[in-house]
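A.B. asks: Below is the structure I would like to discuss, written out as structure tokens.
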Amino acid sequence: MKFLRRLSLSQTLPSLCAIASLMFLMSPPLVAAESPQRQWAGNWLVVGEGDEQLVWQLHADGTGFAYGFGDGGRLSHGFAINWKLQGDRVRVRTGASVRCTGGVVAVAFTGWSPVTLNFAIVDGRHWLQDGGGLLSFQRRLSRWQTPRAGSECPNLASS
Numbered sequence: 004m005k006f007l008r009r010l011s012l013s014q015t016l017p018s019l020c021a022i023a024s025l026m027f028l029m030s031p032p033l034v035a036a037e038s039p040q041r042q043w044a045g046n047w048l049v050v051g052e053g054d055e056q057l058v059w060q061l062h063a064d065g066t067g068f069a070y071g072f073g074d075g076g077r078l079s080h081g082f083a084i085n086w087k088l089q090g091d092r093v094r095v096r097t098g099a100s101v102r103c104t105g106g107v108v109a110v111a112f113t114g115w116s117p118v119t120l121n122f123a124i125v126d127g128r129h130w131l132q133d134g135g136g137l138l139s140f141q142r143r144l145s146r147w148q149t150p151r152a153g154s155e156c157p158n159l160a161s162s
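Its first residue numbered 4, the sequence shown is counted upward by one per residue in the working numbering.
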């Protein structure tokens, strides 16, 4: 206890600076650990088996949407998703459903699916679903806008 009472600011300041510097130097690896998920973030035109056209809207925070498009490029369905990159694997859960009813976007949230979809990242453009098909991330869509409930159903051909 006597030692603690005798410490002055001039004695402790260099130690505090050293600790702060060490914490600053250790922070880039923490940021770097997050960067692979950030690299996938964005709006993607995705093609699945059977040439289904999809748009996957992936946010770096692990939220997003997956939309399916029918003949002519009109929105047919979609889901809110939570996604998490874990090494070379991606885990996806679906939530709210999105439908195109009478040319208007309809959204319904009934809770998150108890089923988790697991994908293996094959390379920088392909995800292979466990027991399922291959998703091919074709290109980023810079002008994609999130469809809102009550708005006109988007047409992929015009994006």
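Don't be surprised by glycine CBs; every beta carbon is placed ideally from N, CA and C.
1. Within 10 angstroms of the Cβ of L137, are there 16 or more other Cβ atoms? Answer buried if so, exposed if not.
2. Locate the beta strand (DSSP E) running through T97, then write down its first and last residues.
3. With a CB to CB cut of under 8 Å and the five nearest residues on each side skipped, what residues in its chain are close to L78?
4. Comparing C-alpha positions only, which one of P39, Q40 and V50 sits nearest to R142?
5. Name the residue from G81, G45, E52 and A63 whose alpha carbon lies nearest to the alpha carbon of L88.
6. Let me confirm a value: H80 is counted as buried when at least 16 other C-beta atoms fall within 10 Å, else exposed. Which label applies?
7. If distances are taken between C-alpha atoms only, which option among V125, G106 and W59 comes closest to N85?
8. When burial is assigned at 16 or more other CB atoms within 10 Å of the CB, is G114 buried or exposed?
9. Between the C-alpha atoms of Q132 and T66, what's the straight-line distance to the nearest angstrom?
10. CA-CA distance, L144 and W47?
11. When DSSP labels each residue in this structure, what does W59 get in the three-state scheme?
12. Closest to E52 by CA distance: which of R146, W147, S161 and S139 is it?
13. Please state whether DSSP places R41 in a helix, a strand or coil.
14. List the residues that DSSP assigns as beta-bridge partners of S154.
15. Are the beta-carbon atoms belonging to V95 and L57 less than 8 Å from one another?
C.D. replies: According to the structure data:
1. In the sequence shown, the residue the question calls residue 137 occupies position 134. So L137 ends up on the exposed side.
2. Numbered from 1 along the sequence shown, position 94 holds the residue referred to as residue 97. Following the DSSP letters along the chain, one finds T97 inside the beta strand (DSSP E) bounded by residues R92 to T104.
3. Taking the first residue of the sequence shown as 1, we reach residue 78 at position 75. These residues qualify, in order along the chain: Y70, G71, F72, V101, C103, V108, P150, C156, P157, N158 and L159.
4. If you number the sequence shown from 1, residue 142 lands on position 139. Ranking P39, Q40 and V50 by Cα distance to R142 puts V50 first.
5. Indexing the sequence shown from 1 puts residue 88 at position 85. Looking at the Cα atoms, A63 is the closest of the given residues.
6. Reading the sequence shown from its first residue, position 77 is the one you call residue 80. Taking a 10 Å sphere around the C-beta of H80, we find fewer than 16 other C-beta atoms and assign the residue as exposed.
7. Walking along the sequence shown from the start, residue 85 turns up at place 82. Considering only alpha carbons, the answer is W59.
8. The sequence position of residue 114 within the sequence shown is 111, counting from 1. Classification of G114: exposed, given that the 10 Å Cβ count is below 16.
9. Here residue 132 corresponds to residue number 129 of the sequence shown, with the count starting at 1. Here residue 66 corresponds to residue number 63 of the sequence shown, with the count starting at 1. In this structure, the straight-line span from the alpha carbon of Q132 to that of T66 is close to 19 Å.
10. The sequence position of residue 144 within the sequence shown is 141, counting from 1. The sequence position of residue 47 within the sequence shown is 44, counting from 1. Rounded to the nearest angstrom, the two C-alpha atoms are 6 Å apart.
11. By 1-based counting over the sequence shown, the position of residue 59 is 56. If DSSP states are grouped into helix, strand and coil, W59 belongs with the strands.
12. As a working mapping, residue 52 is identified with position 49 in the sequence shown. Of the listed residues, the one whose Cα sits closest to E52 is S139.
13. Here residue 41 corresponds to residue number 38 of the sequence shown, with the count starting at 1. R41 falls in the helix class under three-state DSSP.
14. Your numbering for residue 154 matches position 151 in the sequence shown. None; S154 has no bridge partner.
15. Position 92 of the sequence shown, counted from the first residue, corresponds to residue 95. Position 54 of the sequence shown, counted from the first residue, corresponds to residue 57. Cβ distance not < 8 Å, so V95 and L57 don't count as in contact.
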